[in-house]
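Colleague: There's a structure below that I have some questions on.
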Ligand code: C2E
Ligand code: MG
Ligand code: MG
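Numbering (our numbering), first residue to last: 261 to 1016.
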């Protein structure tokens, strides 16, 4: 995982963490709002319950009073006692037994008796206050009524009056009136505040005027009606009034003295009276709100701790990640990138542009330096090399230490000379370290480099990393500050050499070396005079490898001796098959490498081959290279002599390709001279005809020495014409026929494959 990915993951984690905190925060806000509204609902509920209770108590009191008065009224009505006789006593008695302020009885005619603390006295109805008169007159109508509150001139206080019809024999005889002061309600309403001390209850008339105001009312200004400020705002009044007229309960809130109050209006059910409950929201829900706030605070605290913890965790993770990254991405000794990080970065940079050079830099014999310097100083040398490389890098370039003394560089330059100069400078500076030290040992470095360039070859990073090792190995072969550039052709060649060397024995065993034949044309007759055996290596997969790719390797490693004898045997077998098929065999030349000629038992093996297949040595021509002839002419001549005596024909191949000298012809006793195709090519292309003259002279000279001439590389009709004119004996080349398999050759030459 690279740094970017780690950062990405970290960011993701932080994002989720922040999201969680936000979600928790929103949840907390909703929770607080929910709790708040629950608290308010609960408080409203409580207000209603408590007001209900007071309504119930007022009603209970009124109905108790009315019950009492109705008892008295029925006593008066059905007693049979006349008003003049005993009403005063009954009234006095009833007055004493109850708590009314005054009691009175009025007959329908308007006369009556009123009992007060001063005793009973006769009084006409119209002598009483209008409130009493209207209550009485309603009672005369058979209704039980309760007046509104009014100021009593009799008792000097605010009172109200009950009016009960007194019925005798089903007819209203008069009206029983009883006044009482408002304290009966005040008793009920005063004293304790409601809502655990935060609420007050008042009584209102149906039009909103205060009938009973709680002593310690919230609003100190004592407005007459609730339809005055601060209770209700103008825009609210109409709605509340409507509800009150319809005897509906209603709620509203108001602000007073920087506090919010909740108000509840509940009809009492008597005279349109209302109980008006006012409650301080803040006070009543103080505990609840406090709890909510504390909960909120705890929540916020927890969130803050989580947030802090997250920040802390993120820092720790970052720090750990950085440390891990350092371990994962960097080399602990030199501080350079490590190999895998280098590869990753180089890969990324190569995606931007493929133009770059990968260099592998190494120190010669570092393991011995380790021993010689000791680990500490060797480490210092590595750090010095790393510092040197680092200071030489340009923008967008990289380096790393893979292990031990293996350094890799990613450079943006792609010019060989430029790179060579830069690397030589690095190597020089790096070597300076040991030159300055007391050991007096000179450190040598070497580099392999591979260039990827759009103008030449573009490689992938993987290819470059493989190729750079190849170049480094090449550079290692020299023992001085050296830079070796990877070369595709060379690499391909080395790869092939490697394949050839690794598979040659197996190929021989598997008979992968095939016999191909190319015709040699007898220029006098124009027919195929003989053929040259040319080897082909056909791999198991059917692909073909040509001699140019493996003969030089075999010549180097000595395998040629095996192959040459093998080919001689193949040729002998081919001739045998021709004879067995009844064909007239033509001679075949076989190429013989220098090494095989000097093999101890060479002649014996060649002789054994012809013997084995029982063919005449005359049918075999041995082609030897002029180079072989030059080196050890005497020994070679001896062998040639024996072979010639045996009947074999000896040909000198590729004459003129190397440092040929005409002198060779006199030193080596050959029967055939094969002129290298370069000769013909030159003669054909030559403007002033010099090469042609040389070719002509060589041919003439050979003729004089009784040596047959074969011209190689005849590719065109002109070539053919020219060599005929020059008097050459044989011609060989694509013009006459390319090398083909022995079977194909046989078919072409004899018209059938025979036993082949
Ligand atoms: P070589 O002995 O000089 O063989 C002639 C080469 O020239 C052959 O290449 C042939 O295919 C090629 N050639 C023939 N006519 C023409 C032409 O008109 N134009 C051109 N451009 N080329 C022509 P090949 O088969 O690839 O063999 C290359 C060389 O490998 C041979 O040169 C020979 O030195 C060596 N060689 C081939 N077979 C054997 C073998 O069995 N043993 C040894 N020791 N060497 C072999
Ligand atoms: Mg040859
Ligand atoms: Mg040749």
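The beta-carbon is built from N, C-alpha and C at its ideal position, and this holds for glycine as well.
Small disclaimer: the values here were computed from a predicted structure and weren't measured.
Taking the beta carbon of residue 708 as the centre, do at least 16 other beta carbons fall within 10 Å, making it buried, or is it exposed?
Modeller: Burial call: buried.
Colleague: In the region 490-517, which residue ranges form an unbroken beta strand (DSSP E) of at least 3 residues, counting only runs that do not cross its ends?
Modeller: You should have 510-516.
Colleague: Residue 850: buried (16+ other C-beta within 10 angstroms of its C-beta) or exposed?
Modeller: Its Cβ being crowded by 16 or more others within 10 Å, residue 850 is buried.
Colleague: Is it buried or exposed, residue 411, if we count other Cβ atoms within 10 angstroms and call 16 or more buried?
Modeller: Label assigned to residue 411: exposed.
Colleague: Would you say the beta carbon of residue 824 is closer than 6 angstroms to some non-hydrogen atom of ligand 2?
Modeller: It does not: the Cβ of residue 824 is nowhere closer than 6 angstroms to a heavy atom of ligand 2.
Colleague: Starting from the N-terminal end, write out each residue whose C-beta falls within a distance shorter than 5 angstroms of any non-hydrogen atom of ligand 2.
Modeller: For ligand 2, the selected residues are 851, 883, 913.
Colleague: For residue 299 and residue 466, I'd like the C-alpha separation in whole angstroms.
Modeller: Going from the Cα of residue 299 to the Cα of residue 466 covers about 30 angstroms.
Colleague: Closer than 6 angstroms by C-beta to residue 605: which residues in its own chain qualify, once you throw out the five before and the five after it? Chain order, please.
Modeller: So the qualifying residues of the chain are 658.
Colleague: Taking 6 angstroms as the limit between beta carbons, can you name the residues of its chain near residue 744, skipping five residues before and five after?
Modeller: Excluding residues within five positions, the ones whose Cβ falls inside 6 angstroms are 708, 731, 734, 735.
Colleague: With which residues is residue 838 paired in a DSSP beta bridge?
Modeller: The partner list for residue 838 (beta bridge, DSSP) is empty, contrary to what the question assumes.
Colleague: Is the beta carbon of residue 946 less than 7 angstroms from the beta carbon of residue 969?
Modeller: No. Outside cutoff.
Colleague: Tell me whether residue 1013 sits in a helix, a strand or coil according to DSSP, three-state version.
Modeller: The answer is coil: DSSP assigns residue 1013 none of H, G, I, E or B.
Colleague: Please state whether DSSP places residue 660 in a helix, a strand or coil.
Modeller: Residue 660: strand per DSSP, three-state reduction.
Colleague: Measuring only the C-alpha atoms, how far is residue 833 from residue 999?
Modeller: Distance between the alpha carbons of residue 833 and residue 999: 18 angstroms.
Colleague: Going by other Cβ atoms of all chains shown within 10 Å of its Cβ, with 16 needed for buried, is residue 554 buried or exposed?
Modeller: Exposed is the call here.
Colleague: Going straight from the alpha carbon of residue 305 to that of residue 539, what length do you get?
Modeller: C-alpha separation (whole angstroms): 12 angstroms.
Colleague: Just confirm the distance between the C-beta atoms of residue 409 and residue 461, as a whole number of angstroms; I'd bet it's less than 8 angstroms.
Modeller: About 16 angstroms separates the two Cβ atoms, so there is no contact after all.
Colleague: Look up residue 375 in the DSSP assignment and give the residues it is bridged to.
Modeller: For residue 375, which the question treats as bridged, DSSP gives the partners 363, 380.
Colleague: Check this for me: beta carbons of residue 617 and residue 674, under 7 angstroms apart or not?
Modeller: In this structure, residue 674 lies closer than 7 angstroms to residue 617 by Cβ.
Colleague: Measuring CB to CB, does residue 255 end up less than 7 angstroms from residue 933?
Modeller: Because the chain spans 261 through 1016 in this model, residue 255 falls outside it and cannot be assessed.
Colleague: Within 6 angstroms: the Cβ of residue 971 and any heavy atom of ligand 1?
Modeller: No, Cβ of residue 971 sits at least 6 angstroms from all heavy atoms of ligand 1.
Colleague: When we look at the beta-carbon of residue 269 and count the other beta-carbons within 10 Å, is it buried (16 or more) or exposed?
Modeller: Exposed, because fewer than 16 other Cβ atoms sit within 10 Å of the Cβ of residue 269.
Colleague: With which residues is residue 709 paired in a DSSP beta bridge?
Modeller: Beta-bridge pairing links residue 709 to 619, 745.
Colleague: What are the partner residues of residue 483, as DSSP defines its beta bridges?
Modeller: Beta-bridge pairing links residue 483 to no other residue.
Colleague: Give the C-beta separation of residue 430 and residue 366 to the nearest angstrom, bearing in mind that I take them to be a contact with Cβ-Cβ under 8 angstroms.
Modeller: Contact flag wrong, Cβ pair sits at about 19 angstroms.
Colleague: Candidates 420, 359, 984: which alpha carbon is nearest residue 952's?
Modeller: The candidate whose alpha carbon is nearest that of residue 952 is 984.
Colleague: Looking at residue 843 and residue 994, is the spacing between their C-beta atoms short of 7 angstroms?
Modeller: Cβ distance not < 7 angstroms, so residue 994 and residue 843 don't count as in contact.
Colleague: Closer than 6 angstroms: is that where the CB of residue 807 sits relative to any heavy atom of ligand 1?
Modeller: Checking the Cβ of residue 807 against ligand 1 gives yes.
Colleague: Going by C-alpha to C-alpha distance, which of 793, 664, 635 sits closest to residue 780?
Modeller: Nearest C-alpha to residue 780: 793.
Colleague: Would you please state the rounded distance, in angstroms, between the beta carbons of residue 879 and residue 854? I believe it to be under 8 angstroms.
Modeller: So it is not a contact: roughly 24 angstroms between Cβ atoms.
Colleague: Could you round the C-beta distance between residue 478 and residue 537 to whole angstroms and report it? I think they count as a contact, below 8 angstroms.
Modeller: Residue 478 to residue 537, Cβ: 11 angstroms. No contact.
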